[in-house]
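These notes concern the structure reproduced below.
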Amino acid sequence: MAISIKTPEDIEKMRVAGRLAAEVLEMIEPYVKPGVSTGEAFSR
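Below you can see the structure in the form of structure tokens.
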């Protein structure tokens, strides 16, 4: 597998995606509990 060199634009897109993922995880945190399925958590 070759290593791909990232451009500054690629890195910025990765930062944006990371921030978005972090925001989503913070938003769903109250609904994530042991024993609760994905379907149950997001049908509320």
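Residue numbers for the sequence shown follow our numbering, beginning at 6 and rising by one.
Beta carbons: idealized from backbone N, C-alpha and C, even for Gly.
All values reported here derive from a predicted model rather than from experimental measurement.
Within the same chain, and ignoring the five residues on either side of Leu25 in sequence, no residue has its Cβ closer than 8 Å to its Cβ.
Between Ala46 and Ile33, the C-beta gap is smaller than 9 Å, which places the two residues in contact.
Counting along the chain, the unbroken alpha helix (DSSP H) around Lys18 starts and ends at 13 to 33. Spanning the alpha carbons of Met6 and Pro13 requires a straight line of approximately 22 Å.
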